[in-house]
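Student: Quick one: this structure, given as structure tokens, is what I'll be asking you about.
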Amino acid sequence: MSTIRFKGPKPGAKLQVIGAGLPRTGTNSFCAALEILLDGPCYHSGVQYAAEGAGDEKHIKAMMKASAEYPYNSSTWPSVAKTLHETLDGYVAVADPPLSVLYPELLKLCPDAKVIVTVRDQEPWMRSIAEVIKLSQPKLATFIFWWVPSVRWLPKLAEHMTHLFYTKFGVEMEDRETFITTWNKHIEQLKKTVPEGQLFFFDVKEGWEPLCKALDKTIPDVPFPRLNDAKDMENHFKKLASRGLTR
């Protein structure tokens with residue numbers, strides 16, 4: 151079964167975990183594990199706006215706004231904060247950009263949340279990111295996906311997130327050198343910004359134990375989720391592309 155499924159909010163659920171890992175670090179498996187431990191839905195940005203059922207496009211437009219208006223000031227922050235609060239209300243955790251790099255702002259809204267950074271070995275991570283960027287063709291994507299609700303805005307979101315990443319890290323993610331720079335600056339900023347006792351690093355290969363320890367939860371009697379983020383997303387977008395080309 152595909153993991154690219156829209157997750158609706160759970161009334162009364164509060165944000166407990168800010169997933170601050172970069173893309174392709176096991177964020178889908180991480181979200182699935184958090185949903186078991188925290189008994190509520192995880193807001194995985196990439197899944198929410200690309201999934202079937204994304205509906206009125208409010209999710210992707212919220213992420214576009216949060217990315218485009220960065221860095222925030224006294225004039226823009228109240229509106230962005232309102233958008234983030236309304237979008238994330240009812241979710242126990244978040245993951246994936248732009249939310250994963252907006253952890254300082256999310257901590258303003260939820261100061262008691264724990265910040266958990268999914269990590270992996272840099273070499274396979276860089277290969278995976280390179281594949282994503284190589285396959286990104288904004289003009290073609292605009293044409294193919296224009297008839298697909300929500301997904302039609304992906305090229306514009308990518309443009310805004312490029313702005314966000316460049317503003318935060320000083321580089322565009324386009325080659326090995328800039329991948330490493332982005333990774334290192336992200337980790338450095340996390341360590342400087344997140345209050346002591348709220349920052350944790352987690353490799354999904356390690357399974358339940360370190361994650362449960364960070365959250366002070368008992369290890370559940372079920373296997374740790376092992377989801378193939380890249381393969382699922384590739385298959386999902388092939389289906390969306392087919393739909394767009396047959397309109």
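Those letters in the sequence shown? Residues 151 to 397, per the numbering used here, in order. Where is the CB? At the ideal position from N, CA and C, for every residue including glycine.
State the Cα-Cα distance for the pair T331 and E324, rounded to the nearest angstrom.
Tutor: The residue labelled residue 331 in the question sits at position 181 within the sequence shown. The residue labelled residue 324 in the question sits at position 174 within the sequence shown. Taking the straight line from one Cα to the other gives about 11 Å.
Student: Got a sec: is the Cβ-Cβ distance from K306 to anything in chain D below 8 Å?
Tutor: Looking at the structure shown, chain D is missing, and only one protein chain is on hand.
Student: Can you tell me the Cα-Cα spacing of G158 and A212, whole angstroms?
Tutor: Here residue 158 refers to the residue found at position 8 of the sequence shown. Here residue 212 refers to the residue found at position 62 of the sequence shown. G158 and A212: Cα-Cα distance of roughly 15 Å.
Student: Where does the unbroken alpha helix (DSSP H) through I186 begin, and where does it stop?
Tutor: Locating residue 186 in the sequence shown gives position 36, counting from the first residue. Looking at the DSSP string, the run of the alpha helix (DSSP H) that includes I186 is 177-188.
Student: Pick helix, strand or coil for I330, following the three-state DSSP scheme.
Tutor: Looking up residue 330 in the sequence shown gives position 180. It is helical.
Student: Could you check whether the segment 210-228 touches the segment 331-349, counting it as contact only if at least three pairs of C-beta atoms, one from each stretch, sit closer than 8 Å?
Tutor: With a cut-off of 8 Å, the segment 331-349 and the segment 210-228 do not count as touching, because too few Cβ pairs lie within range.
Student: What whole-angstrom Cβ distance do A170 and V265 have, given they're in contact under 8 Å?
Tutor: Start at 1 with the first residue of the sequence shown, and residue 170 comes out as number 20. Start at 1 with the first residue of the sequence shown, and residue 265 comes out as number 115. So it is a contact: roughly 5 Å between Cβ atoms.
Student: When the Cα of V354 is compared with those of L377, T368, P370, which residue comes out closest?
Tutor: Residue 354 sits at position 204 when you count from the first residue of the sequence shown. It is L377 whose Cα lies nearest to the Cα of V354.
Student: Once you ignore the five residues that flank M214 on each side, which residues in its own chain have a CB closer than 7 Å to its CB?
Tutor: The residue given as residue 214 occupies position 64 in the sequence shown. Excluding residues within five positions, the ones whose Cβ falls inside 7 Å are W303, K306, L307, H310.
Student: Given Y432, which residues of its chain have a CB within under 8 Å of its CB, disregarding the five upstream and five downstream residues?
Tutor: The requested residue 432 does not occur in the structure, where the chain is confined to residues 151 to 397.
Student: Let me confirm a value: N223 is counted as buried when at least 16 other C-beta atoms fall within 10 Å, else exposed. Which label applies?
Tutor: Start at 1 with the first residue of the sequence shown, and residue 223 comes out as number 73. Answer is exposed; the Cβ neighbour count stays below 16.
Student: Keeping to the same chain, check which residues put their C-beta closer than 7 Å to that of L275; ignore five residues upstream and five downstream.
Tutor: Mapped onto the sequence shown, residue 275 falls at position 125. A small fix is needed here, since residue 275 is Trp in this sequence, not Leu. Only R174, T175 meet the Cβ criterion.
Student: Quick check on this structure: which residue in S217, H194, R155 has the alpha carbon closest to the alpha carbon of T312?
Tutor: Within the sequence shown, the letter at position 162 stands for residue 312. Nearest option by C-alpha distance: S217.
Student: Just the C-alpha distance for L361 and T177, rounded to the nearest angstrom, thanks.
Tutor: Position 211 of the sequence shown, counted from the start, is the residue given in the question as residue 361. Position 27 of the sequence shown, counted from the start, is the residue given in the question as residue 177. Going from the Cα of L361 to the Cα of T177 covers about 13 Å.
Student: Quick one, which of I283, H235, R270, V251 has its alpha-carbon nearest C260's?
Tutor: The residue labelled residue 260 in the question sits at position 110 within the sequence shown. Looking at the Cα atoms, H235 is the closest of the given residues.
Student: Less than 8 Å between C-beta atoms, sequence neighbours within five positions excluded: which residues of the same chain meet that for T328?
Tutor: Here residue 328 refers to the residue found at position 178 when the sequence shown is read from its first residue. Contacts found: V321, E322.
Student: Can you check whether the CB of A231 is closer than 8 Å to the CB of C192?
Tutor: Counting from 1 along the sequence shown, the entry for residue 192 is found at position 42. Counting from 1 along the sequence shown, the entry for residue 231 is found at position 81. Against a cut-off of 8 Å, the Cβ pair of A231 and C192 comes out as no contact.
Student: Run through the DSSP bridge pairs and tell me what L349 is partnered with.
Tutor: For the purposes of this step, residue 349 is taken as residue 199 along the sequence shown, with counting starting at 1. DSSP lists V265 as partners of L349.
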